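Shown next, in C-alpha cells, is the structure this report addresses.
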Amino acid sequence: MIWGVLQFPGSCDERDALHACALASGEARLIWHEDRDLGGVDGVVVPGGFSYGDYLRAGAIARFSPAMEAVAELAAAGGPVLGICNGFQVLCEAGLLPGALLRNENLRFVCRQVDLLPGVDAPETSLYGGKSAHQPLSIPAKHGEGRYYAPEATLNALEANGQVAFRYAPGHNPNGSARDIAGVRSEAGNVLGLMPHPEHAVDPLSGSTDGLRVFEDLARFAT
Amino acid sequence: MVRARVLIRPKEGILDPQGKAVERALPALGFEGVGHVRVGRMVELEAEDPAALGELCEKLLANPLIEDYEIQTL
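Chains as they are written, first to last, in the working numbering: chain H, -1 to 221; chain A, -14 to 59.
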C-alpha cells in the first residue's frame, strides 16, 4: 500500500507522518496541497500543524485546497483517509467527518502523553490487536483547539453507529471534549480523525509504538 | 460595491472559554456586575454582490455548527 501525506503551508508533522506510513506499509510520499492529482496513492494522511496559520478557524481555509477535492473523492470511493490533529480539524471543516474542534476548555495548549480507549460501543478489535480494551493506546497529544463538539443528537448517533473510534481514558481528557471523544470515524469507517498524534508514537525511542496500529488499521480499507 | 460587516459569535449553549476568561478578569480590574461575556469575530468586507454574502458566511466565514453570524450592510 502507498500512503500519500498532504503538505499545506503551515503543516509541521508531515515528515513524521511519512516516516510512520513508511514503517506501517512500506511506501509513502508527500503531496503538495495544490496538486489536484494524488498520483495514484491508496490512502491519504492529512497531517498536523497550522495550515494557513489557522487563520479564521483551524482547517477552514485548507479544506478548499485542490488536493482536498481529490481526498474527498478518495473518501467517497472508500479509500483510507486519516486526519491527525490539524488534519482532523480540516476533515471536520470539509464535512468528511461530523463535528468540530473548539478551543481547549482551559485555554491552554496541551502537550502530553494520553491513554486512548476504544469507543465503548465499538470494540475496534483490529485497532487494538493483541491489546484488550483494558490496555489503552499510549499516544501523545499536542494542541490548543482539540475540544470535540457535536450536537447531542449527533453524539448519540455516533455512539449508536460505532463511529467513536477513540476516547480519552478516565482522567486523560486534556481539552474538555464531549463524552471524552478523541477521534471519530465516518459511517463507512474509512475516514478517521483524531487529535492525538499516532505518527509520533511509532518508535521505541519515543516511548510507545502504539501509533502504528492506527495506520495499520486504516490500511485494511485500501483496495 | 457594498460595504458589509459580518459578526460571528459562538452559538448559544456552546462553552466559550475566552468569554469566561474575560469575565473572570473583570472583577480584578474593578469592573463589577458584568456577566455573560461571549467573544466572537468581526469581518469587514466589500462585495460586488451582497446577495452572495449568506453563502460566503455558511461556507467560509462561519462554521454554522458552532457559530451564528449576522450580516450588516453599511
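Glycine is no exception: its CB is placed at the ideal position from the N, C-alpha and C atoms.
Being a predicted model, the structure only gives us computed values, none of them experimental.
Comparing the CB of valine 79 of chain H with every heavy atom of the ligand COA, is any distance shorter than 8 Å? The model depicted lacks the ligand COA and carries no ligand whatsoever.
With a threshold of 7 Å on Cβ separation, who are the neighbours of glutamate 185 of chain H within its own chain once the five nearest residues in sequence on each side are excluded? Residue numbering aside, residue 185 of chain H sits at position 187 when the first sequence is read from its first letter. Within the same chain, glutamate 185 of chain H has close Cβ partners Asn159 and Gln161.
Which of helix, strand or coil DSSP assigns to tyrosine 50 of chain H: Locating residue 50 of chain H in the first sequence gives position 52, where the first residue counts as 1. Helix, per DSSP.
May I ask you to report which of helix, strand or coil DSSP gives proline 7 of chain H? By 1-based counting over the first sequence, the position of residue 7 of chain H is 9. Three-state DSSP puts proline 7 of chain H in coil, outside helix and strand.
Which one or two residues does DSSP pair with glutamate 55 of chain A in a beta bridge? One-based indexing of the second sequence puts residue 55 of chain A at position 70. A/Leu(-8), per the DSSP bridge assignment.
Return the Cβ separation of histidine 198 of chain H and aspartate 52 of chain H in integer angstroms, given the expectation that the two are a contact with Cβ distance under 8 Å. Reading the first sequence from its first residue, position 200 is the one you call residue 198 of chain H. Reading the first sequence from its first residue, position 54 is the one you call residue 52 of chain H. No, histidine 198 of chain H and aspartate 52 of chain H are not in contact; Cβ-Cβ is about 20 Å, not under 8 Å.
In whole angstroms, give me the CA-to-CA distance for arginine 101 of chain H and serine 175 of chain H. By one-based count along the first sequence, residue 101 of chain H stands at place 103. By one-based count along the first sequence, residue 175 of chain H stands at place 177. Cα to Cα, arginine 101 of chain H sits roughly 10 Å from serine 175 of chain H.
Own chain partners of aspartate 208 of chain H with C-beta closer than 7 Å, once the 5 adjacent residues on each side are dropped: Looking up residue 208 of chain H in the first sequence gives position 210. Closer than 7 Å at Cβ, skipping near neighbours: Leu135, Ser136, Ile137 and Ala199.
C-beta neighbour in chain H for leucine 41 of chain A, strict 9 Å: Stepping through the second sequence from its first residue, residue 41 of chain A is reached at position 56. No, leucine 41 of chain A lies away from the interface with chain H (no Cβ there is under 9 Å from its Cβ).
Taking the alpha carbon of arginine 106 of chain H as the reference point, which residue from H/Val112, H/Gly142, H/Asp113 and H/Leu89 has its own alpha carbon closest? What you label residue 106 of chain H is simply residue 108 of the first sequence in a count that begins at 1. The shortest C-alpha separation from arginine 106 of chain H is found at H/Gly142.
Are the C-beta of alanine 32 of chain A and some C-beta of chain H separated by less than 9 Å? Looking up residue 32 of chain A in the second sequence gives position 47. No, because no Cβ of chain H sits closer than 9 Å to the Cβ of alanine 32 of chain A.
Exposed or buried, which one is leucine 0 of chain A when buried takes at least 16 other CB atoms within 10 Å? Here residue 0 of chain A refers to the residue found at position 15 when the second sequence is read from its first residue. The residue in question, leucine 0 of chain A, is exposed, as its Cβ has fewer than 16 Cβ neighbours within 10 Å.
Distance, Cα to Cα, cysteine 109 of chain H vs glutamate 67 of chain H? Indexing the first sequence from 1 puts residue 109 of chain H at position 111. Indexing the first sequence from 1 puts residue 67 of chain H at position 69. Taking the straight line joining both Cα atoms gives about 31 Å.
What does the Cβ neighbour count give for leucine 59 of chain A, buried or exposed, with the cut at 16 atoms within 10 Å? Indexing the second sequence from 1 puts residue 59 of chain A at position 74. It counts as exposed.
Does chain H have any CB closer than 9 Å to the CB of leucine 38 of chain A? Walking along the second sequence from the start, residue 38 of chain A turns up at place 53. Not one chain H Cβ lies under 9 Å of leucine 38 of chain A.
Would you mind listing the beta strand (DSSP E) stretches within the region -2 to 49 of chain A that are 3+ residues and don't spill past its ends, in chain order? 26 to 32
In whole angstroms, give me the CA-to-CA distance for isoleucine 59 of chain H and glycine 20 of chain A. Residue 59 of chain H sits at position 61 when you count from the first residue of the first sequence. Residue 20 of chain A sits at position 35 when you count from the first residue of the second sequence. Rounded to the nearest angstrom, the two C-alpha atoms are 33 Å apart.
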